[in-house]
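Reading through the structure tokens given below for one structure.
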Amino acid sequence: MNDMRIADRTVSSDTAKMTARGVQVYYGENHALKDVDIDILGGTVTAFIGPSGCGKSTFLRCLNRMNDTVSIARVLGEIKLDGEDIYDKSVDPVTLRARVGMVFQKPNPFPKSIYDNVAYGPKIHGLTKSKAELDQVVETSLKKAALWNEVKDRLHAPGTGLSGGQQQRLCIARAIATSPEVLLMDEPCSALDPIATAQVEELIDELRSQFSVVIVTHSMQQAARVSQRTAFFHLGHLVEYGETGQIFTNPQDPRTESYITGRIG
Amino acid sequence: MSIGLITLIVLGLAVLGFILGRQRALSAVGGDPRTLHSLPGYYGWSVFLFTAVPALLLLVTWAFVQPTALNSHVAGMIPAADVASYGSTQLVMADVRRIADGLDAVARNAGLDETGLAALRADLTDMRGRLAEVGVALGSNVAPSVLEAAKEYRSLSGTLRLGMALAVLLAALAGLGFALWRIDPRQRARNLVEQFTLVLLAGCSLIAVATTFGIVASLVVESVHFFKLYDFRDFFFSLTWSPRFGGGSELGLWPLVWGTLYVSFIALLVSVPVGLMAAIYLSEYAGKKVRAFAKPAIEILAGIPTIVYGLFALITVGPFLRDWFAQPMGLGSSSSSVMTAGLVMGIMLIPFVSSLSDDIINAVPQSMRDGSFGLGATRSETVKQVILPAALPGIVGAILLAASRAIGETMIVVMGAGAAAKLDVNPFEAMTTVTVKIVSQLTGDTEFASPETLVAFALGLTLFCFTLALNVVALVIVRKYREQYE
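Which chain is which? The protein sequence lines are A and B, in order. In terms of UniProt numbering, the first sequence opens at residue 1 and continues consecutively. In terms of UniProt numbering, the second sequence opens at residue 1 and continues consecutively.
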């Protein structure tokens, strides 16, 4: 862990944006996630690490109810966003997902123009009143995603024609265009080359001024570089959760230490 | 020996060759297959192929060449005067072949042996009567030269057949021997079999392509005959279709094309929305159980023969439309109408559209749906704004394929839309299509050289061009679609 570039560990707020208590997830008979308790802070980048199949992506997908689209998945327990239970019957998962945005592992731009990709969310949620306002949202989102300069001259070219790293930044721009409160990222750099990865990581650090960011990653270096809080999952359990520097330098649980030093994984 | 028997013997030899070849390869290395270049079975196959393929190719070639060669040889024996009394060489030769076939039966009937048969003379015996007794009815008395030709034809074809059997069996044996002789542990039998597979596969695709060209060529040739008899300007620019077999017919293309397009248009108007929405329901909304039941149930529609749809149109839909819509609205009193045929054809096309679109919608990556749901879109928003645009080129391809089927459909139109060639916009009028007219121009006892029958080929060619153009457009769109995700 010598290349850890622990830039900024200060957390801008101590208020919990999302809280989870006793979350259990079943995929059919398979008990995928066991009794997870976690507080995700506002204005923070939280990293979920752990070996493959440990439940970190599953938990991430609970946070915006994407598991609802999987017919065999069953979620028990309580997850609150700003004190409101998101699994309550009165909560519409569709509006929840507008508040808790998501970026996926593989860049998945829609087969539309760059402009329409970004404008998609604002359009379906009716966030803008006029074309000029929509243009403004698209421009701001692309700028926040550090893509504006590369695509401003070809906003009406298809989004699928961009390079992999650009596509992923387009997906990030698309997610932040709906101005969510929390941004979930499921291994956003796993399909990217090192340069694109560095760009996205830089972006994540900038984004935390406006959103809580939760990122699932396989790369411990990446977790160390971008996050302030780290949660280690193992075999469906949340083993350890705490300040990133502490998790990487002085883990409390022997399993965390084994994983970080490369003995399990 | 018949061709079937020869083929069986050759195949038997080839199987024998397979067994021998395998054994020989194994014994060449002392029973240890690891030192062979290829698996022992490949050596067996190589012998099999060397035995069967050249022999069977020879058989096929011989079977094709023999009748032609025989005909031209025997035709030379008949003096021109006799040919003239028959009208043409073709007609004489047809009689020669029938007499030759009948001679065996005559011989059996009269208890004649080969010499007795050779001694038969047309000017002394009543050959026509004798042949009629055994079921070969001839139009005129048998001329001496024709009988001689028939005898020659019979004996020569017997000899040739024997020669063919011998040559083919020899080829098979030679191939067997050669292939066994060249077996060697280092021989690349596997590559040989691979090459044969390649040739076989390429040959099969060649057959499909060649057939297409053959069909086009025959259509073009007959159409050229038609345009020699009938001015192409009248065909392409006249608005009247009224064939008269007595002569003086007007064979304008447009009433038929209009009927075809009108019926197809209504059919697509029915099938595209219903089929597409069914596909969206099945692929995006339906649960596994519903889908497992509903998809095959819809596809059953595709298995119903079109004649049954035709009956449905004739007996149920036609009268229903006439009694409840056409007559109350004063639009007509015919149970055959464009609407009837279009509706029923639309129902027939539903499974085409739905099944193809369903596959295409399913091919849209799940990540597109996730991306859209992740932004807070509902299912129908996702379908409308992401899935359909992504699948659109493929869906258009599916619709065009359905359209080319609608254009080529015959039975439903015959029974549902009637046979009156008309240019009319009222959908409750009887009209007809190109395909129906092709059938009606070619059926019946008509001379095959008049423009009234030959027009069928010109119509067929027009139709072919229509559907070909549609298919090309469909293919281009589908290809463009494929590029998007690869």
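Every residue, glycine too, gets a C-beta built ideally from N, C-alpha and C. This one's a predicted model, so the numbers in the text were calculated from it and none came from an experiment.
For residue i: DSSP bridge partner residues
i: Q24/A; result: L76/A
i: R229/A; result: T46/A, E243/A
i: M339/B; result: For M339/B, which the question treats as bridged, DSSP gives no partner whatsoever.
i: N30/A; result: Y27/A
i: L96/A; result: Beta-bridge pairing links L96/A to no other residue.
i: residue 493/B; result: Beyond the ends of chain B as shown, which are 1 and 486, falls residue 493/B; an answer cannot be given.
i: I40/A; result: M18/A
i: A241/B; result: At residue 241/B the sequence reads Trp, which differs from the Ala that was named. Paired residues: L251/B.
Inter-residue CB distance, residue i and residue j (contact presumed, cutoff 8 angstroms)
i: V137/A; j: T128/A; result: 6 angstroms
i: S271/B; j: G346/B; result: 4 angstroms
i: residue 488/B; j: L261/B; result: This structure cannot speak to residue 488/B, because chain B is shown only from 1 to 486.
i: T51/B; j: L176/B; result: 4 angstroms
i: residue 268/A; j: E78/A; result: Because chain A spans 1 through 265 in this model, residue 268/A falls outside it and cannot be assessed.
i: L60/A; j: Y115/A; result: At roughly 29 angstroms, the Cβ-Cβ gap does not stay under 8 angstroms, so L60/A and Y115/A are not in contact.
i: A377/B; j: I86/A; result: Wrong, their Cβ atoms sit about 18 angstroms apart, outside the cutoff.
i: G374/B; j: N149/A; result: The Cβ separation is near 26 angstroms, so there is no contact.
i: Y259/A; j: H234/A; result: 7 angstroms
i: S238/B; j: G252/B; result: 3 angstroms
i: Q168/A; j: L192/A; result: 6 angstroms
Neighbourhood of residue i by C-beta, 6 angstroms cutoff - its chain only, sequence neighbours within 5 removed
i: E284/B; result: V383
i: L26/B; result: P40
i: I266/B; result: G342
i: G397/B; result: A474, I477, V478
i: D135/A; result: none
i: residue 492/B; result: No statement about residue 492/B is possible, as the shown extent of chain B runs from 1 to 486 and does not include it.
Residue i, buried or exposed, once every other Cβ within 10 Å from all chains shown has been counted against 16
i: E240/A; result: buried
i: N108/A; result: buried
i: R229/A; result: buried
i: A224/A; result: buried
i: G203/B; result: exposed
i: A31/A; result: It should be noted that the sequence gives His, not Ala, for residue 31/A. Burial call: exposed.
i: F428/B; result: buried
i: G135/B; result: exposed
i: residue 519/B; result: No answer is possible for residue 519/B: the residues shown for chain B start at 1 and end at 486.
i: P319/B; result: exposed
i: P328/B; result: exposed
i: W62/B; result: buried
i: E114/B; result: exposed
i: E201/A; result: buried
i: A469/B; result: exposed
i: M1/A; result: Low local confidence applies: a pLDDT of 40 at M1/A is under 50, so the model's placement there is unreliable, and no value is given.
i: G68/B; result: As written in the sequence, residue 68/B is Thr, which differs from the Gly given in the question. That one is exposed.
i: D88/A; result: exposed
i: R97/B; result: buried
Close Cβ partners of residue i (< 7 angstroms) along its chain, the five nearest in sequence each way excluded
i: T410/B; result: T435, V436, V439
i: A75/B; result: T89, M93
i: residue 489/B; result: This structure leaves residue 489/B out entirely; chain B is present only between 1 and 486.
i: F18/B; result: G44, W45, V47, F48
i: V168/B; result: I6, V10, A55, L58, L59
i: R208/A; result: G43, T44, V45
Cβ-based neighbour list, residue i, same chain, cut-off 8 angstroms, excluding 5 preceding and 5 following
i: S145/B; result: M77, I78, P79, D82
i: N471/B; result: L400, L401, S404
i: L268/B; result: G346, L349, I399, A402, A403, A406
i: K151/B; result: A100, L103, L117, A118, L120
i: L317/B; result: Strictly speaking, residue 317/B in this sequence is Val, with Leu absent from that position. The answer, listed in chain order, is T340, L343, V344, G416.
i: L301/B; result: I347, M348, I350, P351
i: C62/A; result: A20, V23, V25, L33, V75, I79
i: R70/B; result: One detail in the question is off: residue 70/B reads as Leu in this sequence, not Arg. Closer than 8 angstroms at Cβ, skipping near neighbours: Y153, L156, S157, L160.
i: A145/A; result: R169, L170, I172, A173, I176, L203
i: G371/B; result: V386
Near the ligand MG: residue i beta-carbon under 7 angstroms from a heavy atom
i: C204/B; result: In terms of ligand content, the structure shown is empty, and the ligand MG therefore cannot be addressed.
Quick check: the segment 109–125 of chain B against the segment 79–92 of chain B, are there 3 or more CB pairs under 8 angstroms? no
Under 8 angstroms: do the segment 184–194 of chain B and the segment 23–38 of chain B share three or more Cβ pairs, one atom per stretch? yes
Original post:
Three or more beta-carbon pairs under 8 angstroms between the segment 41–54 of chain A and the segment 13–28 of chain A, yes or no?
Top reply: yes
I'd like to know if the segment 465–475 of chain B and the segment 225–236 of chain B are in contact, where contact means that at least 3 CB-CB pairs between them fall below 8 angstroms. no
Q.
For the structure I just gave you, are there three or more beta carbon pairs, one from the segment 316–325 of chain B and one from the segment 243–256 of chain B, closer than 8 angstroms?
A. no
**Item:** Touching by the beta-carbon criterion (3+ pairs, under 8 angstroms), the segment 165–180 of chain A and the segment 94–101 of chain A
**Value:** yes
- Query: At a cut of 8 angstroms, does the segment 233–249 of chain A reach the segment 184–200 of chain A through at least three beta carbon pairs?
  - Reply: no
Segment contact, 8 angstroms Cβ cut-off, at least three pairs: the segment 58–65 of chain B with the segment 196–212 of chain B:
no
Contact between the segment 163–177 of chain A and the segment 139–152 of chain A is defined here as three or more beta-carbon pairs at a separation below 8 angstroms; is this criterion met? yes
For this session: Please confirm if the segment 2–17 of chain B is in contact with the segment 62–81 of chain A, defined as three or more CB-CB distances below 8 angstroms between the two stretches.
Result: no
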